[in-house]
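**Q**
Residue numbers (my numbering): 9 to 267.
1. When you compare the segment 138–146 with the segment 68–86, are there three or more beta-carbon pairs, one atom per stretch, that lie closer than 8 Å?
2. Looking at the strands, I want to know which residues DSSP matches up with residue 145.
3. Could you check if residue 52 is buried or exposed, using at least 16 other CB atoms within 10 Å of its CB as the buried criterion?
4. Exposed or buried, what is residue 152 when buried is set at 16 or more other beta-carbons lying within 10 Å of its beta-carbon?
5. Could you tell me whether the segment 251–266 touches the segment 230–239, using the rule of 3 or more Cβ pairs below 8 Å?
6. Looking only at its own chain, which residues have a Cβ that is under 6 Å from the Cβ of residue 63, when we skip the five neighbours before and after it?
7. I need the DSSP call for residue 9, collapsed to helix, strand or coil.
8. As a quick exercise: from 199, 95, 214 and 216, pick the residue whose alpha carbon is nearest that of residue 208.
9. Should residue 264 go down as buried or exposed, given a rule of 16 or more other Cβ atoms within 10 Å for buried?
10. Per the contact definition of three or more C-beta pairs closer than 8 Å, is the segment 68–81 in contact with the segment 107–121?
11. Is the segment 188–198 close to the segment 209–222, with three or more CB pairs under 8 Å?
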């Protein structure tokens with residue numbers, strides 16, 4: 009049974025932010041600060057930044073410290089993905105920072121081919137974090153293509169699945185809506201932008217509808233209030249439930265290694 013949360017708001021105002029990664033570290037931090045402060049003025053409760061490349065591998069702690077400093081006097085959750093150095097390995101890690109402190113982190117488990125020679129696969133499992141604004145799960149990049157991940161996060165009680173990504177062909181739009189609808193959960197996808205990466209960040213509702221979205225290759229944020237009660241009601245129609253009506257014994261092939 010999920011522990012009850014005394015949320016500061018039952019409908020957290022959630023923002024997906026898409027920015028272009030700047031090779032100038034100072035400019036990159038300035039972009040992050042600009043968007044966080046701007047969204048705080050709009051009373052955002054959750055601010056989500058997108059996935060990145062193998063950038064600033066030695067300066068991840070500085071990024072985290074910067075966000076902690078910006079948010080320490082505000083009731084806000086900031087979600088940022090960095091390259092985390094944990095000797096002797098590097099991980100692609102998403103940090104959940106609430107009001108100036110690190111609430112938790114998730115290390116990308118399923119690495120893309122281009123990442124395998126640079127990064128270690130995550131070793132923290134698939135956690136769901138209790139926050140002031142509901143239960144939050146995280147998946148990174150092409151992990152969104154694995155329906156098992158979002159289903160596990162849902163079974164662990166996630167109200168919102170946060171999905172930092174960097175897709176080039178807009179496939180995140182349909183996938184985001186599908187993961188929401190099949191799990192009856194909010195999915196907030198922040199997709200990066202570059203010459204190749206398409207932007208189009210979005211938040212989808214538990215029914216699979218797009219609540220808000222960004223334009224293409226434009227640095228911007230888009231916001232929506234999320235009624236968490238909609239994530240907690242898994243009924244499609246009365247007595248037809250996407251979680252309780254599962255038949256786990258029929259899914260054994262899902263845990264078999266395919267050669």
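The beta carbon of each residue, even a glycine, is placed where N, CA and C say it ideally should be.
Only a predicted model underlies this, so the values are computations on that prediction, with no experimental measurement involved.
**A** In short, the structure shows the following:
1. Yes, the segment 138–146 is in contact with the segment 68–86.
2. If you number the chain shown from 1, residue 145 lands on position 137. Residue 145 pairs with 136 and 169.
3. Numbered from its first residue, the chain shown carries residue 52 at position 44. Classification for residue 52: buried.
4. In the chain shown, the residue the question calls residue 152 occupies position 144. Residue 152 comes out buried.
5. Counting Cβ pairs under 8 Å, fewer than three are found: no touch.
6. For the purposes of this step, residue 63 is identified with residue 55 of the chain shown, where counting begins at 1. Result list for residue 63: 29, in chain order.
7. For the purposes of this step, residue 9 is taken as residue 1 along the chain shown, with counting starting at 1. Low confidence applies here, because residue 9 scores a pLDDT of 44, under 50, leaving its location unreliable; read the following figure in that light. Shown here, residue 9 sits in coil according to DSSP, grouped into three states, outside any helix or strand.
8. For the purposes of this step, residue 208 is taken as the residue at position 200 of the chain shown. When each option's Cα is compared against that of residue 208, the closest is 199.
9. Counting from one through the chain shown, the residue named residue 264 turns up at place 256. It is exposed - the Cβ of residue 264 has fewer than 16 other Cβ atoms within 10 Å.
10. By the C-beta criterion, the segment 107–121 is judged to be in contact with the segment 68–81, since at least 3 inter-stretch pairs fall below 8 Å.
11. Yes, the segment 188–198 touches the segment 209–222.
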